[in-house]
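S.K.: For reference, the structure I am asking about is given below.
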Amino acid sequence: MRIYNLGSGSSGNCTYFKFDGYEFLVDVGFSYKEIKKRLASIGVDILDIKTIFITHGHSDHNRALQTFKKRNKPISINPPHIGRAFSLNHSVPCKGFTFEVHEIEDEKIGYLTDTGYVPPFAVHALERCSILIVESNHNEEILFTNKYAEDSRMPASIYDNIVSKKGHLSNRQAEELISFVRPKIVALAHLSAHNNNEQQLKHSGHLILQQNEVTKIIDTEEEESI
Ligand SMILES: [Zn+2]
Ligand SMILES: [Zn+2]
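Just so you know, we're using our numbering here: the sequence shown kicks off at 156 and counts up by one.
Here it is, written out as structure tokens:
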């Protein structure tokens, strides 16, 4: 099993998965060229990608979708025999996914970003996940401090959208979900560059997905080759 995050955050989201003979991406929120480069850095040829899961229609998640449809024919989008979708609560229709893995021992992967809260049926879908990739967008205190700061970079309405039920998950909401699901591996995704504190998150012991860095979540093939 191999899982690599190729980048995460408002500038783009893309995660590579390989298990049980399947190989696919969840979200393609960078340019095709950029995804090609990042896949090459982990030894994957972009033309081998024939399956993509898309969470929703924002460009930080689907930027390269049309190019994939043209160049990686035939491409399968959100195939239900590989992953199950559940609905989230965002400004546009948005899905999270779970994937059952049987390769070595049974694992279950959960993936959710871009939701204002975790709806009850999503919590149910994520039960027994051993690997969880979850949005941890902002620290509520930092966000409110930034909102009322004199040199605030964004209009107050943008801050209100982030914390709304159709916005993004805070660190606190992510932690609540993690303590309920209790996965072995947790990767925190879609971190805000302005409204979060990475140092604090590092102390929580979870893997942090950087905006512009390829990050290994798990790679059992690599462990075998050592
Ligand atoms: Zn997003
Ligand atoms: Zn979005």
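Heads up, the beta-carbon is just placed ideally off N, CA and C, and yes, glycines get one too.
Compute every distance between the C-beta of residue 261 and the non-hydrogen atoms of ligand 2, then say whether any falls below 6 Å.
M.R.: No, since every heavy atom of ligand 2 falls outside the 6 Å radius drawn around the Cβ of residue 261.
S.K.: Whole angstroms is fine: what's the gap from residue 224's alpha carbon to residue 262's?
M.R.: Distance between the alpha carbons of residue 224 and residue 262 is about 30 Å.
S.K.: Starting from the C-beta of residue 186, find all residues in its chain whose C-beta is less than 7 Å away, skip the five residues before and the five after it, and write them out in chain order.
M.R.: Counting only Cβ-Cβ distances below 7 Å, and skipping sequence neighbours, we find 218 and 219.
S.K.: If I'm right that residue 210 touches residue 216 with Cβ under 8 Å, what's the distance once you round it to whole angstroms?
M.R.: Yes, residue 210 and residue 216 are in contact; Cβ-Cβ is about 5 Å, under 8 Å.
S.K.: State the start and end residues of the unbroken beta strand (DSSP E) segment that holds residue 214.
M.R.: Here residue 214 belongs to no beta strand (DSSP E); instead the alpha helix (DSSP H) covers 214–217.
S.K.: Name, in chain order, the residues that DSSP records as bridge partners for residue 374.
M.R.: Residue 374 pairs with 157.
S.K.: Is residue 213 near ligand 2, going by C-beta to nearest heavy atom under 6 Å?
M.R.: Flag set: Cβ of residue 213 near ligand 2.
S.K.: Applying the criterion that 16 or more other CB atoms from any shown protein chain within 10 Å of the CB defines a buried residue, is residue 202 buried or exposed?
M.R.: Classification of residue 202: exposed, given that the 10 Å Cβ count is below 16.
S.K.: Counting pairs of beta carbons, one from the stretch 326–345 and one from the stretch 354–364, are three or more of them closer than 8 Å?
M.R.: At 8 Å Cβ cutoff, the stretches touch.
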